[in-house]
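This report refers to the structure that appears directly beneath it.
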Ligand code: G5P
Ligand code: MG
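In the numbering used here, the protein residues as written are 167 to 389.
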């Protein structure tokens, strides 16, 4: 039997740093399964469950949802992907979440998108999303082919409630206080790779070259 080494990665960075955008390029080039905590939470909110209501109030206020809730949801999904190479986007976001992940899975590498806060604020006000797929657009950077509609399904795009300027400020504060320590956690394990810049198109070739050196050959190009 051919044994295949699985590759497990995390992508980190402040809100709006391009995690979703870079993730879709990574999955397109390397075939990792993409799991975004934000997309998963928004799907729960769409389902209008009791849990969804609690999650919505945290997200709309620019606060993180409780560690135990997000860790339970994410680890349950990961257990269903036991045989896959994956890329986590938006999780872990606190040291406690990183420890939960570590107790269940080995992370091979952490990609950190280091984008200045000022750049981010401008981007988020012009972001449009296709909620059910997680595809993201920007009226300046990557506009949809037909304004207001998803390229793949033709369904209408929406703006995220938490992209209001005052909520973005609170999300950046939460990032500084709760998520930056996670970078230190992974740095001390020797698996953090930081990519600094203000434009995704300039950062991406470096991320691509970095992953091409690390991802086992047989995983590349798989979807
Ligand atoms: P999310 O959904 O994880 P955030 O805040 O981490 O949300 P976000 O906003 O999804 O991150 P991103 O994925 O880093 O941003 O960025 P993106 O969507 O790819 O790009 C942002 C915009 O910039 C897009 O319009 C894109 O087209 C554009 N863009 C990209 N590159 C460029 C460029 O080079 N130039 C220009 N001009 N534009 C560009 O989490 C949401 C909430 O869920 C909860 C929290 O409440 C969180 O606030 N949550 C958690 N809570 C606890 N623990 C967790 N682990 C949680 N995960 C989520
Ligand atoms: Mg995102």
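For every residue, glycine included, the Cβ atom is placed at its ideal position computed from N, Cα and C. Since we're looking at a predicted model, the values are computed, not measured.
Residue closest to residue i, alpha-carbon to alpha-carbon, out of the options
| i | options | result |
| --- | --- | --- |
| residue 235 | 263, 339, 254, 213 | 263 |
| residue 175 | 261, 202, 181 | 202 |
| residue 381 | 251, 284, 194 | 251 |
| residue 198 | 206, 188, 207 | 188 |
| residue 292 | 364, 366, 337, 330 | 330 |
| residue 332 | 208, 173, 212, 287 | 287 |
| residue 298 | 319, 349, 253, 372 | 319 |
| residue 253 | 368, 208, 196, 325 | 196 |
| residue 367 | 260, 307, 335 | 307 |
| residue 260 | 351, 377, 376 | 351 |
| residue 337 | 194, 230, 217, 200 | 230 |
| residue 363 | 283, 354, 353, 218 | 283 |
| residue 249 | 213, 324, 173 | 173 |
| residue 285 | 247, 335, 226 | 335 |
| residue 325 | 374, 208, 348 | 208 |
| residue 247 | 212, 200, 206, 218 | 200 |
| residue 322 | 339, 365, 303 | 303 |
Assigned exposure category for residue i - 16 Cβ within 10 Å defines buried
| i | result |
| --- | --- |
| residue 181 | buried |
| residue 210 | buried |
| residue 305 | exposed |
| residue 178 | buried |
| residue 258 | buried |
| residue 204 | buried |
| residue 379 | exposed |
| residue 237 | buried |
| residue 171 | exposed |
| residue 316 | buried |
Contact belief for residue i with residue j at Cβ below 8 angstroms, rounded distance in angstroms
| i | j | result |
| --- | --- | --- |
| residue 186 | residue 255 | 6 angstroms |
| residue 241 | residue 266 | 7 angstroms |
| residue 301 | residue 295 | 7 angstroms |
| residue 271 | residue 244 | 6 angstroms |
| residue 328 | residue 228 | 6 angstroms |
| residue 361 | residue 369 | 5 angstroms |
| residue 274 | residue 357 | 7 angstroms |
CB contact check: residue i to chain B, cutoff 9 angstroms
| i | result |
| --- | --- |
| residue 240 | Although the question refers to chain B, the structure presented lacks it and comprises just one protein chain. |
> Any contact of the segment 309–325 with the segment 278–285, i.e. 3+ C-beta pairs under 8 angstroms?
Replying inline: When Cβ pairs closer than 8 angstroms are counted between the two stretches, the segment 309–325 is seen not to touch the segment 278–285, the count staying below three.
>> For the segment 213–223 against the segment 344–354, do three or more pairs of beta-carbon atoms, one drawn from each stretch, fall closer than 8 angstroms, so that the two count as touching?
In response: no
>> So if I measure from each beta-carbon to every heavy atom of ligand 2 and keep distances below 7 angstroms, which residues remain?
In response: 185, 186, 202, 204, 255, 256, 302
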